[in-house]
Amino acid sequence: MHTGRNILFGGGPAQSESAPLISGSSTPADPYNPPPSTHVVGSSRNDEVNPTPPSMSSSSRRHSDRRWDHIDNLDRFFTLVYEYHQGGGFVTIAVKKVLGLAQFVFVVTFSTFFLQCIDYDVLFANKNVSTTGTTLTGKRSFNDAVIENCAGHLHPLVILSLLVALVFWISRVIKTAYYLLQLHEIQLFYHSALLIEDAQLSNLTWHAVVMRICEVQKRLQLIVDRDHVSPIDLYNRILRFKNYLVALVNKRVLPPVINVPFVGSVPYFPNGLKSNLRQYKDLDNLETLTRQMEKDVAMYGFLNLMFFPLIFLYQILYSFFTLSELIKRRPDALGIRRYSNYGRYRVRHFNELTHELNARLNRSHVYANAYMNQFYSTLTEVFAKNVAFVAGAIAGVLAILSAWDEDVLQIEHVLTVISVCGVVMVICHGMIPDENLVWQPEVLLAHVTSELNYVPAEWKGQVSQIITL
1 MHTGRNILFG
11 GGPAQSESAP
21 LISGSSTPAD
31 PYNPPPSTHV
41 VGSSRNDEVN
51 PTPPSMSSSS
61 RRHSDRRWDH
71 IDNLDRFFTL
81 VYEYHQGGGF
91 VTIAVKKVLG
101 LAQFVFVVTF
111 STFFLQCIDY
121 DVLFANKNVS
131 TTGTTLTGKR
141 SFNDAVIENC
151 AGHLHPLVIL
161 SLLVALVFWI
171 SRVIKTAYYL
181 LQLHEIQLFY
191 HSALLIEDAQ
201 LSNLTWHAVV
211 MRICEVQKRL
221 QLIVDRDHVS
231 PIDLYNRILR
241 FKNYLVALVN
251 KRVLPPVINV
261 PFVGSVPYFP
271 NGLKSNLRQY
281 KDLDNLETLT
291 RQMEKDVAMY
301 GFLNLMFFPL
311 IFLYQILYSF
321 FTLSELIKRR
331 PDALGIRRYS
341 NYGRYRVRHF
351 NELTHELNAR
361 LNRSHVYANA
371 YMNQFYSTLT
381 EVFAKNVAFV
391 AGAIAGVLAI
401 LSAWDEDVLQ
411 IEHVLTVISV
421 CGVVMVICHG
431 MIPDENLVWQ
441 PEVLLAHVTS
451 ELNYVPAEWK
461 GQVSQIITL
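The following block contains the structure:
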């Protein structure tokens, strides 16, 4: 490492500076083929307008530019440059990370409080004595049901779970602190080398940032053996291992599917599996990791199984808190469809950044959703309409009675019945097709594939049968 350079990106991989992980080829003419091997860099429709920052001044910044000469770990450096732009700058990313840590603390403490610190017999008026021994008469308050000094009466399993959560949270704090330290270096790079302030990022496309990096390479020598760099060089750096994972999925070397009894093969590629697979991306340790993979996979499986109850409980609580707000804002949220992780990798181009993939999939989503709505069960529709009718009648009558006299709400389980009927109606309406539906799967799938840019071979001749990604 040269004197005066930052120390956060040293010790990079030993691969050639210029060699991409996967060689590209031209886009196939036959649509029933694997996805294109190359992505047109900077061609996202979101990048059509490319405002550029002011021109560089080479004389006044020579001293500050020395710290960026010959960055060792270019993969990590350019990845952070990309994340910095997509995240909206240092302050936005830092606030998001800190609030994420605070959100974890909230979920754990909030759940523990309601599991261990509330006497539900008092809360539900099953007994007339508060947790402090006071006789209750008249209207009750929430404090009457709160157990005093509940921290001294926690269940041993709850204490163990809190200790595990604390260790996990501390590890996240350390990782977040180091990540923000790296981002601070990237902030200096944007400000001093690229002359781009954080306030400009919201109006500056990624393509414009790439062009600026290509311009400053002539002076900074970010890549040792290059006087000039092109956008594809940056994309190869950022997407080196992402390209490799895309190739594994497309070539079926890594088939992320599970066999479900009576259902068959189901694509299954959760974020947890993706995180475990990242342990095997370091080419320096490839041979060693290959020999140890069977043992390591067993170890990861054992650890996942051991911590499964805690992880599963946290995921349920986090999903519940998230969906509670989402359903209140969008009642149809339970029926929203999305591309699976497997589908995203199946249609992803090599050298395609995440925001470019998201833009392409978002443009196809409305047609993909309409295509999926073409297929429904008439038997399910009949049941859904009748169940929705009954639930709507019950909820409607109870709502009218409650509006007429609010004392109706004090009757046991009335509010619960209204809420459950409302949820049932939302679910049933999601099973009932649009009365204006027109059967045209070929047209809709053509719109989808025009954005996906290819059609898998197994789709050929199957347009009138449901296809999912």
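Residue numbers for the sequence shown, in UniProt numbering: 1 to 469.
Glycine included, C-beta positions come from ideal geometry on N, C-alpha and C.
| Query | Result |
| --- | --- |
| Contact under 8 Å by Cβ, Val224 with Cys214 | no |
| Cβ-based burial, Thr416 [other Cβ within 10 Å; buried from 16] | exposed |
| Contained alpha helix (DSSP H) runs [length at least 4] in the segment 106 to 183, N- to C-terminal order | 120 to 123 |
| C-alpha distance - Ser192 paired with Val216, whole-angstrom precision | 11 Å |
| Continuous beta strand (DSSP E) stretch holding Val229: start and end | No beta strand (DSSP E) holds Val229; DSSP gives it neither H nor E. |
| Exposed unless 16 or more other CB atoms sit within 10 angstroms - verdict on Met425 | buried |
| Those residues which DSSP pairs with Ile258 across a bridge | Val266 |
| Beta-carbon separation (whole angstroms), Leu409 vs Ser402, contact threshold 8 Å | 5 Å |
| Residue environment, Tyr345, which counts as buried when at least 16 other CB atoms sit within 10 Å | buried |
| Cβ contact check for the segment 179 to 189 and the segment 74 to 91: 3 or more pairs under 8 Å | yes |
| Identity of the residues DSSP links to Val448 by a beta bridge | Looking at the DSSP assignment, Val448 forms no beta bridge with any residue, so it has no partner. |
| Helix, strand or coil at Val455 according to DSSP, with G and I counted as helix | strand |
| Close Cβ partners of Asn259 (< 6 Å) along its chain, the five nearest in sequence each way excluded | Ser265 |
| Alpha carbon of Thr109 to alpha carbon of Glu451, nearest angstrom | 45 Å |
| Three-pair Cβ contact test at 8 Å for the segment 352 to 360 versus the segment 233 to 245 | yes |
| Nearest-angstrom Cβ-Cβ length linking Asn373 and Pro433, presumed shorter than 8 Å | 6 Å |
| Inter-residue CB distance, Val448 and Tyr367 (contact presumed, cutoff 8 Å) | 5 Å |
| Per-residue DSSP class, three states only, for Arg346 | helix |
| Beta carbon of Leu99 nearer than 8 Å to that of Thr176 | no |
| Assigned secondary structure, Asn439 (DSSP; H/G/I helix, E/B strand, else coil) | Note on identity: in this sequence residue 439 is Trp, with Asn being the wrong assignment. Trp439 falls in the coil class under three-state DSSP. |
| Endpoints, the alpha helix (DSSP H) within which Phe307 is located | Phe307 -> no alpha helix (DSSP H), and no H or E assigned at all. |
| Euclidean distance between Cα positions of Ala29 and Pro441 | Residue placement at Ala29 is poorly supported in this model, since its pLDDT is 43, which falls under 50; the coordinates still yield a value, given next. Roughly 23 Å separates the two Cα atoms. |
| Under 8 Å between C-beta atoms of His429 and Ala388 | yes |
| Rounded C-alpha distance that separates Tyr190 from Glu197 | 7 Å |
| CB contact flag (Asp69, Gln221, <8 Å) | yes |
| Ordered list of alpha helix (DSSP H) runs contained in the segment 365 to 430, each at least 4 residues | 378 to 404 |
| Pair within 8 Å by beta-carbon distance, Leu136 and Ser130 | yes |
| Contact under 8 Å by Cβ, Val257 with Tyr244 | no |
| Gln187 burial status per 10 Å Cβ neighbour count (16 or more: buried) | buried |
| Alpha-carbon to alpha-carbon, Thr132 and Val158 | 23 Å |
| Leu398 beta carbon less than 8 Å from that of Val382 | no |
| Where Thr205 falls: helix, strand or coil (DSSP) | coil |
| Pairwise C-alpha distance: Val95 and Phe114 | 28 Å |
| Rounded Cβ spacing between Tyr314 and Val107 (contact assumed at less than 8 Å) | 7 Å |
| Whether Leu310 touches Val164 by CB criterion (8 Å) | yes |
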